[in-house]
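Asks:
Residue numbers (our numbering), protein chains in the order written: chain A, 41 to 154; chain B, 723 to 838.
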């Protein structure tokens, strides 16, 4: 699976959009980009994933560049409860041998301020 | 639909004792994963199980740790002869069918093991 790089920390004002970048310049054509977050002391929470098209769900939007070398997770109206560590993970599809194993890096600590 | 359940939430063991951590996956999920988070460290994969089968245990320490997911009942992570270095949060996750759902894992609240 491709290595991903994220900034160690970011701040955001409550009510504003939080844009979390992720670099995955070595991603291959069959690797998906997954985002998870871990709110303090809780289990990680799946947010969204995509391959090459932009995706949106009730939690967030995922924008993947055309060359797929980077992506941005967007929380449109951040709240204090969105303060968490956000993980970007590149994963080969189910035909690979990683059998669903998630490899969490250091992630980005997002702090939402009042 | 209840989420992934783990018990106990907190477990205290003295060095040398055994720790048994339980995980009940979400209804309809047949894949279970265990992860460990040491203090101030990231989450590390330990083992992936399906009913009655260990599929990938590449992240499990070679000694003292074992996992099972029987035909009936919860998945169990067992740590024998615990040491202080086993103190960590242990998270269980489950996922539905194969395909990209494999990676849409739903995590439980974790069991915090403290070895004294």
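No residue lacks a Cβ here, since even glycine has one placed at the ideal position from N, Cα and C.
Runs of 4 residues minimum, wholly inside the segment 52-132 of chain A: which ones carry the alpha helix (DSSP H) assignment?
Replies: You should have found no qualifying run.
Asks: Between the segment 65-79 of chain A and chain B, which residues of the former have a C-beta closer than 7 angstroms to a C-beta of the latter?
Replies: Cβ contacts with chain B come from 72 and 74.
Asks: Quick one: grab the DSSP three-state call for residue 806 of chain B.
Replies: Residue 806 of chain B falls in the helix class under three-state DSSP.
Asks: List the residues that DSSP assigns as beta-bridge partners of residue 763 of chain B.
Replies: For residue 763 of chain B, which the question treats as bridged, DSSP gives no partner whatsoever.
Asks: Flag residue 131 of chain A as yes if its beta-carbon sits less than 7 angstroms from any beta-carbon of chain B, otherwise no.
Replies: Residue 131 of chain A counts as touching chain B.
Asks: Under 9 angstroms Cβ-Cβ, which residues of chain A neighbour residue 751 of chain B?
Replies: Residues of chain A passing the Cβ test: none, with the nearest at roughly 11 angstroms.
Asks: Taking the alpha-carbon of residue 757 of chain B as reference, which of B:836, B:795, B:793 and B:789 has the nearest alpha-carbon?
Replies: The shortest Cα separation from residue 757 of chain B among B:836, B:795, B:793 and B:789 belongs to B:789.
Asks: Thinking just about the alpha-carbon of each residue, which of B:739, B:747 and B:805 is nearest to the one in residue 831 of chain B?
Replies: It is B:747.
Asks: Compute the Euclidean distance between the alpha carbons of residue 726 of chain B and residue 814 of chain B, then round it to the nearest angstrom.
Replies: Looking at the two C-alpha atoms, the distance is approximately 8 angstroms.
Asks: Taking residue 80 of chain A as the reference, which of A:142, A:42, A:145 and A:122 has the closest Cα?
Replies: Closest by alpha carbon: A:122.
Asks: For the putative contact between residue 724 of chain B and residue 804 of chain B, defined by C-beta atoms under 8 angstroms, what is the C-beta separation to the nearest angstrom?
Replies: At roughly 29 angstroms, the Cβ-Cβ gap does not stay under 8 angstroms, so residue 724 of chain B and residue 804 of chain B are not in contact.
Asks: If distances are taken between C-alpha atoms only, which option among A:69, A:55, A:42 and A:60 comes closest to residue 49 of chain A?
Replies: For residue 49 of chain A, the nearest C-alpha among the options comes from A:60.
Asks: For chain B, is any of its Cβ atoms less than 7 angstroms away from the one on residue 126 of chain A?
Replies: Taking Cβ atoms only, chain B never reaches closer than 7 angstroms to residue 126 of chain A, which makes this a no.
Asks: Would you grab the beta carbon distance between residue 78 of chain A and residue 118 of chain A for me? Rounded to a whole angstrom, and I think it's under 8 angstroms.
Replies: The pair is not a contact, with the Cβ atoms about 16 angstroms apart (cut-off 8 angstroms).
Asks: Tell me which residues of the segment 788-819 of chain B have at least one Cβ-Cβ distance to chain A shorter than 9 angstroms, keeping chain order.
Replies: Correct list: 811, 813, 814, 815 and 817.
Asks: Using a cut-off of 7 angstroms between C-beta atoms, extract the partners of residue 831 of chain B located in chain A.
Replies: In chain order: 82 and 83.
Asks: For residue 51 of chain A, count neighbouring C-beta atoms within 10 Å of its own C-beta (all shown protein chains included) and say buried if the count is 16 or more, exposed if not.
Replies: Classification for residue 51 of chain A: exposed.
Asks: Please classify residue 732 of chain B: is it buried, with 16 or more other beta-carbons within 10 angstroms of its beta-carbon, or exposed?
Replies: Result: exposed.
Asks: Going by C-alpha to C-alpha distance, which of B:738, B:739 and B:770 sits closest to residue 827 of chain B?
Replies: Closest by alpha carbon: B:770.
Asks: Going by the beta-carbon positions, is the gap between residue 54 of chain A and residue 116 of chain A smaller than 7 angstroms?
Replies: Not in contact: residue 54 of chain A and residue 116 of chain A (Cβ atoms no closer than 7 angstroms).
Asks: Using a Cβ cut-off of 7 angstroms (strictly closer), state whether residue 141 of chain A contacts chain B.
Replies: At least one chain B Cβ lies under 7 angstroms of residue 141 of chain A.
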